[in-house]
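Take 3 as the starting number for the sequence shown in the working numbering and just add one per residue. Notes follow once the structure below has been shown.
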Amino acid sequence: GRLSPPSHLRVHNLPVRDLVVAREFYGAFGFECTYLDDGWMILDRGPLRLEFYEWREHNPATTASRCTIRVANVDELADAIRGSGVPVHPWGIPRFEPVTMQTWGLRAGNLIDPDGNLVVLIEEPVEPAVARWVRRLRP
C-alpha cells in the first residue's frame with residue numbers, strides 16, 4: 003500500500019549493502035520495519051523514521067552519507083544503542099560515539115552503522131523559550 007507520512011516528518015534515506023542486516027542492526031535498539039520491498043525499507047521508532055535503499059556496491063571506505071536525528075531525550079536513544087551492543091569507540095564500523103555537549107550549544111552523539119552511515123543524534127530542547135534562545139546562538 004501507499005504510505006502517507008505527516009507533512010512535518012523528516013525522512014532520511016541511507017544506502018546499505020543489505021536491507022536485512024540494516025533491519026537487524028537498527029531493530030536491536032527499537033526501530034521497527036514498517037515497509038520492505040526488494041530495494042527499499044522504512045524503519046520507525048516512535049516519531050523517528052529512517053529510510054534505506056539497497057546498494058550492493060556501496061563501500062563504506064570510499065563513500066559517505068549522513069543524516070541527523072533530533073530528539074527531546076537523546077540519552078534514552080543513546081542508552082538503547084549502547085544496550086544493543088554497538089561498540090562505544092572513537093573508530094571502527096559500527097560504533098557509537100557518546101553524547102557530549104557540543105561547542106555549538108547542544109548535546110550530540112554519533113552512530114556509525116555497519117555500512118558507514120553517520121547518524122548524528124542531537125538533543126533538541128523541548129521548552130519553547132530554550133529553543134528560541136538556542137536558535138539565537140546559531141549563526
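Heads up, the beta-carbon is just placed ideally off N, CA and C, and yes, glycines get one too. As the structure is a prediction and not an experimental result, all values here were calculated from the model.
Tell me whether residue i is buried or exposed, calling it buried when 16 or more other Cβ atoms sit within 10 Å of its Cβ.
{"i": "P92", "result": "exposed"}
{"i": "V90", "result": "exposed"}
{"i": "L37", "result": "Note on identity: in this sequence residue 37 is Tyr, with Leu being the wrong assignment. Under this definition Y37 is an exposed residue."}
{"i": "I95", "result": "exposed"}
{"i": "M43", "result": "buried"}
{"i": "V101", "result": "buried"}
{"i": "R51", "result": "buried"}
{"i": "D115", "result": "buried"}
{"i": "P49", "result": "exposed"}
Of the residues the options, which one's Cα is nearest the Cα of residue i?
{"i": "I112", "options": "R72, P127, A63", "result": "The sequence given here has Asn at residue 112, not Ile. Comparing Cα-Cα distances from N112 to each of R72, P127, A63, the minimum goes to R72."}
{"i": "T105", "options": "N119, G118, G94, I124", "result": "I124"}
{"i": "E126", "options": "D115, I114, P116, L108", "result": "L108"}
Within a Cβ cutoff of 8 Å, which residues of the same chain sit near residue i, ignoring the five residues on either side of it in sequence?
{"i": "G29", "result": "C35, L45"}
{"i": "A66", "result": "G118, L120"}
{"i": "N75", "result": "E125"}
Whose C-beta lies closer than 6 Å to the C-beta of residue i among residues of the same chain, with five residues either side of it excluded?
{"i": "M103", "result": "R109"}
{"i": "P8", "result": "For P8, the predicted model reports a pLDDT of 46, less than 50, meaning its position is unreliable and no value from the coordinates is stated."}
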